[in-house]
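Q:
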Amino acid sequence: MNKKELIDIVSLKKDLTKKDAEALVDTVFDTMIESILNGDKVLISGFGTFKVNNRKERKGVSPKTKEAMIIPASKTVSFKPSNRLKDAMN
1 MNKKELIDIV SLKKDLTKKD AEALVDTVFD TMIESILNGD KVLISGFGTF KVNNRKERKG
61 VSPKTKEAMI IPASKTVSFK PSNRLKDAMN
């Protein structure tokens, strides 16, 4: 499912215009992104949790030159599905 398909489904299920449904979906995603950028967890009951993970600086090897290099520290987002979602999949 992509964003357009999600907007179409929200529009049908909630009897909204596609423009209103798009505004709703954009607001939800923008709010989630804002919270994640602030370092907060986003917990959606029955769906799962998005959270920021900090990766430490580490040593690596350039596949092109085979030289040792330092991979800088970075942040990434992880998603952990809820038990309800896991159970529904099985």
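Using full-length UniProt numbering, you'd call the opening residue of the sequence shown number 1 and step up by one each time.
The beta carbon of each residue, even a glycine, is placed where N, CA and C say it ideally should be.
Remember, it's a predicted structure, so these values are computed and weren't measured experimentally.
Using a Cβ distance threshold of 8 Å, determine whether the region 46 to 57 contacts the region 10 to 22, with at least three qualifying pairs required.
A: no
Q: In chain order, what are the residue ranges of uninterrupted alpha helix (DSSP H) at least 4 long that sit wholly in the region 12 to 38?
A: Within the region 12 to 38, the complete alpha helix (DSSP H) runs of at least 4 residues are 18 to 37.
Q: Return the Cβ separation of residue 43 and residue 25 in integer angstroms, given the expectation that the two are a contact with Cβ distance under 8 Å.
A: 19 Å between Cβ atoms; not a contact.
Q: With distance defined between alpha-carbon atoms, name the residue in 22, 45, 41 and 9 nearest to residue 83.
A: 45
Q: Can you tell me the Cα-Cα spacing of residue 61 and residue 29, whole angstroms?
A: 36 Å
Q: In terms of alpha-carbon separation, which member of 68, 65, 33 and 86 lies closest to residue 76?
A: 33
Q: Please classify residue 4: does DSSP put it in a helix, a strand, or coil?
A: helix
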